[in-house]
Structures are given as structure tokens and as C-alpha cells.
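Position in the sequence shown (from 1) plus 1 gives the number in the numbering used here. All C-beta atoms in this analysis are idealised placements derived from N, C-alpha and C, irrespective of residue type, glycine included.
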Amino acid sequence: MNITQFQKDRFGLFIHWGLYAIPARGEWVRSNEEMEEEAYLPYFYDFQPDSFNPTQWAKYAKNAGMKYAVLTAKHHDGFCLFDTATTTWKAKRDYVREFLEAFRNEGIQVGLYYSLLDWHHPDYPHYKDMHHPMRNHEECKNDDRDFSRYLTYMHTQIKELLTNYGKLDIMWFDFSYGNMKKDVWDAEKIVSMARHYQPNMIIDNRLEGDGIWPGTIMDENPSFTAGDFTSPEQMIPPYGIVNKVGKPIPWEACLTMNEHWGYCAKDTNYKSARLLIHTLVECVSKGGNMILNVGPDARGRFPKQSIIVLEKIGEWMQENHASIYGCSKCDLEKPEWGRYTQKGNIIYAHILDESIFDIPIHIAKDRILKIRRLSDNSEIKIQTPWNAESYPDYTFVSIDAQHHQCPDPIDTVLEITLK
Ligand code: GLC
């Protein structure tokens with residue numbers, strides 16, 4: 002896909018899945034607990050997901066209204082979910098291939114996450130590398146580690162992903178830190194390969210940056226390796242994202258559904274469907290995308306709570322997706338009762354809060370052709386309340402008989418067609 006399509010699609014699924022689903026304490030478990038290789042090795046032998054069903058995954062995503070999905074082909078533990086010729090530190094099945102096929106079959110665009118960090122490869126810096134599980138082990142001095150060997154290994158793996166799996170829509174590299182960025186990864190070579198083998202694919206910004214520091218994508222003239230979109234992590238930028246000369250740039254907020262990316266058995270702290278719908282609307286109202294994560298368990302299943310949340314999001318999306326896809330920031334200021342999104346001459350009013358009386362929309366009456374409730378296309382009549390005469394720039398509407406209830410308590414969307 003190209004970046005314009007990406008910005009129309011707005012809503013995607015992230016999937017973090019790998020050996021770390023077995024300890025089930027998140028994908029950073031090896032680093033957080035400073036586990037040595039031998040302590041992590043049993044998971045390698047135990048990884049036999051008997052319930053892996055990517056078609057089912059794709060259906061969950063599709064029903065939720067997600068237009069694209071990104072799977073961790075390799076995370077920081079270095080374990081590959083794809084069939085690579087470079088290592089035996091890989092799954093016995095080519096889960097990447099099965100994921101790609103299943104999602105494409107459901108009409109969902111596909112992307113792969115690839116970790117630049119690698120805690121398994123012997124030539125990746127160990128001692129004193131701020132993230133490496135062996136960072137505090139003096140015996141792991143890096144003297145005999147040859148980083149160029151790691152680079153060759155990494156570039157070969159990336160080439161495999163770019164050439165063995167048909168058309169990819171997104172490559173999601175993760176991440177740069179300290180000196181470990183851009184030229185250290187030989188990012189020029191990576192991006193050259195990516196553009197060459199996959200001319201219709203977009204790339205995130207993390208060959209140069211991370212979830213906070215976006216890299217040169219913020220410059221007036223971004224470098225070749227800047228990426229096509231930025232990736233704010235676990236936050237929604239307060240005013241969307243503009244570069245250093247004030248031009249809006251494509252961005253995608255990546256969010257967990259509970260508190261972890263990788264499966265965490267004890268983490269039941271899920272965000273509600275209501276909050277996530279509001280957050281998706283918030284992203285679109287600020288010109289951004291949202292990619293929402295699911296961490297399947299070691300058997301290959303989406304956690305039950307994730308499925309429930311996805312289903313609820315899907316119910317709302319079913320009726321209201323027109324206010325998300327192809328929509329962006331609206332020139333009107335954020336209203337007190339919710340948010341606006343816009344597509345051409347249609348403004349979508351997302352009513353998130355109840356009001357005591359008619360709802361003021363910051364558009365003069367004579368600019369409006371018609372107002373409909375999006376979910377059922379029912380007419381919303383413009384009101385002329387006696388007490389609103391002194392607000393000629395506003396149009397007042399009532400969305401329900403009682404005046405203080407929203408027909409859809411999550412988000413009642415009004416479709417306002419301008420003349
Ligand atoms: C991070 C983390 C990580 C996660 C990712 C998603 O940088 O290291 O585990 O994959 O961001 O945005």
C-alpha cells in the first residue's frame with residue numbers, strides 16, 4: 002500500500018507473538034529478568050502452538066473493522082516466526098507465511114514487524130548494552146563480537162522477508178536507541194532493498210528513531226531512511242503531529258489493549274471498547290492512525306478479553322466506519338461534547354457526552370445541507386431553540402427525545418453534509 006491508502010485505512014491490528022508467550026510475562030521478559038540464554042532455551046523446545054488459526058485471527062480483525070495487520074516476524078529475543086536460512090533459532094512452522102496468506106484472503110493488508118535488536122545473536126553487543134539481558138555480565142565483554150557479522154545476518158533476514166513472501170504492505174522496524182541507530186544498522190541499505198523489492202510498501206520511522214524520538218521524518222527534508230510515518234507509542238499526540246516547518250506528517254499511534262504487547266497471563270487490565278473507540282476517533286480527529294495490539298497465548302489463541310473488546314469495537318465500526326475510513330482532521334475546533342472528523346464536504350460529529358439540551362454544532366445553519374445520524378441514516382432536524390438566538394454561528398440539534406441521552410452511549414455519530 003502507499004501512504005495515502007494507509008492514511009485512509011486508519012485502523013490496524015498489531016500482533017506480538019513469540020516464545021515469550023510461554024513465560025507469559027510480556028515480550029521483554031528475557032531482558033527485564035536478565036535471563037541467561039539457558040534459562041530461555043526451554044521455551045524454544047516448548048513452543049508448539051496447537052491452536053494456531055490465522056484465519057480466525059484475520060476474521061477477528063476484519064470484524065473489528067481493521068484494515069491492516071502487522072505481525073512480529075522477529076522480536077528482540079531474536080526468535081524467528083519465519084523460515085529463515087540464517088539460523089535454527091526459528092519456529093518449526095513458517096507462521097509468517099500462514100499469517101500473510103490468511104490475512105490477505107480476508108482482504109486485510111499485511112505488514113511485518115522486525116526487531117533490529119537481537120538478544121540471541123552472539124555478535125550483538127551484550128555487556129553494557131542498555132537493553133541486553135546480559136548487560137550486567139562482565140564476562141560477556143564484547144571484544145570478540147563482530148557487529149558486521151550481525152549486520153550481514155540481519156540484512157539477509159530482511160531480504161528474505163522482502164523477497165520470499167510476495168507483496169508486503171508495511172515493514173515495521175523496531176527500534177533505534179543511543180548510538181544504535183541509522184548508520185549503525187546500515188539503514189540506507191535496508192531502505193534501498195525495501196524500496197527495490199517492495200515498491201508499494203511503507204516503512205515506519207524507527208530505523209532512525211523510536212516511539213518518542215521520530216528521527217529526521219520531522220525535518221523539512223527528511224533523509225532517505227526517515228520512514229513514511231511516525232509511531233508514537235502508548236500515547237496520542239496532543240495536537241496530532243506536524244514536522245519542524247509545520248506540515249502535518251503521517252503517524253500511527255501504537256497501543257496495547259492491556260498493559261503488555263506480548264501475552265501476559267496475569268495482566269487483565271484491559272482498556273474498554275468504549276475507551277478504544279474514543280481513542281480511535283481521537284487519532285482520526287488529529288490526522289492519525291491507530292494500531293491496536295493483541296498478544297496471542299502460547300497455544301496461538303487470542304486472549305478472551307481481547308476477542309470481546311474486538312467484537313464490541315466491531316459492532317460500533319459496522320455502523321459508523323464511514324466516520325473513520327478516509328477521514329481526517331476537521332478545521333473546526335474540538336467541541337465540548339466530543340470530536341469532529343471530516344471527509345470532503347462531510348463533517349462527522351462524534352457525540353461522546355450527554356448534554357442537558359440541544360447540541361451546539363459550530364457551523365452556521367445556512368452552510369448545512371442536511372444532517373443524518375450515521376448509523377441508521379435517520380434525519381436529525383435542526384432546532385431553533387428560543388434561548389439560542391445569540392449564537393448565530395452555531396446550529397443546534399437534538400439527537401433524542403429526552404434531550405439528555407445519547408442514542409449510542411459509546412459514540413453517536415452525526416453526518417453533517419455541507420452545501
Ligand atoms: C517497543 C518495544 C516493544 C514493542 C514495540 C511496539 O519499542 O520494545 O516490545 O514491540 O515497541 O511499538
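The alpha helix (DSSP H) enclosing Asp175, as first and last residue numbers: Looking at the DSSP string, Asp175 is not in any alpha helix (DSSP H); the run it does join, the beta strand (DSSP E), is Ile171 to Asp175.
What are the boundary residues of the alpha helix (DSSP H) that includes Pro43? Glu38 to Asp47
Every unbroken beta strand (DSSP E) inside the region 161-229 [3 residues or more]: 171-175
Threshold first: 4 residues or longer. Then list the alpha helix (DSSP H) segments lying entirely within the region 61-147, N to C. 96-106
Looking at Trp262 and the ligand GLC, is the gap between the Cβ and the nearest heavy atom below 6 Å? yes
Give a yes or no on whether the C-beta atoms belonging to Trp252 and Asp205 are separated by under 7 Å. no
Closest residue to Ile314 among Pro239, Lys420 and Arg275 (Cα-Cα distance): Arg275
Given this structure, state the Cα-to-Cα distance separating Lys63 from Leu333, to the nearest angstrom. 31 Å
Opposite Asn270 in the DSSP bridges: which residues? In DSSP, Asn270 forms no bridge with anything.
Could you tell me which of Phe48, Leu14 and Met2 sits nearest to Ala22, measuring between CA atoms? Phe48
How about the region 185-202 and the region 91-109: do they share at least three Cβ pairs that are nearer than 8 Å? no
Does at least one heavy atom of the ligand GLC sit under 6 Å from the Cβ of Asp229? no
Taking only heavy atoms of the ligand GLC into account, decide whether any of them is closer than 6 Å to the Cβ of Glu28. yes
Kindly give me the distance between the Cβ atoms of Cys328 and Val285, rounded to whole angstroms, as I take these residues to be in contact under 8 Å. 5 Å
Kindly indicate which three-state DSSP category Lys1 falls into: helix, strand or coil? Any answer about residue 1 is impossible in this case: the structure gives the chain only from 2 up to 420.
Under 6 Å from any heavy atom of the ligand GLC, does the C-beta of Phe176 make it? yes
Taking one C-beta from the region 330-346 and one from the region 375-392 each time, how about it: are there three or more such pairs within less than 8 Å? no
Residue closest to Tyr166, alpha-carbon to alpha-carbon, out of Lys344, Val282, Gly212 and Phe104: Phe104
In terms of residues, what are the limits of the beta strand (DSSP E) holding Gly339? Gly339 to Lys344
Residue closest to His351, alpha-carbon to alpha-carbon, out of His363, Tyr61, Ser324 and Cys81: Ser324
Terminal residues of the beta strand (DSSP E) in which Val295 lies: Asn290 to Val295
At which residues does the alpha helix (DSSP H) containing Val30 begin and terminate? Val30 to Asn33
Between Asp51, Trp58, Lys68 and Trp18, which lies nearest to Phe80 when the distance is taken from Cα to Cα? Trp18
Is Val328 close to the ligand GLC? I mean its beta-carbon at under 6 Å from any heavy atom of the ligand. For clarity, residue 328 is Cys in the given sequence; the question names Val instead. No - the ligand GLC has no heavy atom lying nearer than 6 Å to the Cβ of Cys328.
Return yes when the C-beta of Glu34 is under 6 Å from any heavy atom of the ligand GLC, and no when it is not. no
Extent of the continuous beta strand (DSSP E) run through Phe397: Thr396 to Val398
Run the proximity test for Cys81: is its beta-carbon closer than 6 Å to any non-hydrogen atom belonging to the ligand GLC? no
Mind reading off the beta-carbon distance from Arg31 to Asp84? Whole number of angstroms is fine, and I expect it under 8 Å. Not a contact, Cβ separation roughly 23 Å.
My guess is that Asp130 and Arg136 are in contact by the Cβ rule of under 8 Å, so how many angstroms apart are they, rounded? 6 Å
Is Glu107 near the ligand GLC, with its Cβ less than 6 Å from a heavy atom? no
Here's a check: name, in chain order, each residue in its chain whose Cβ is nearer than 7 Å to the Cβ of Lys371, leaving out the five neighbours to either side. Thr418
With a threshold of 16 other CB atoms inside 10 Å of the CB of Ser149, please say whether the residue is buried or exposed. exposed
Own chain residues within Cβ distance below 6 Å of Glu260, not counting five before or after: Asp268 and Asn270
Which stretch, first to last residue, makes up the alpha helix (DSSP H) that contains Leu311? Lys305 to Asn321
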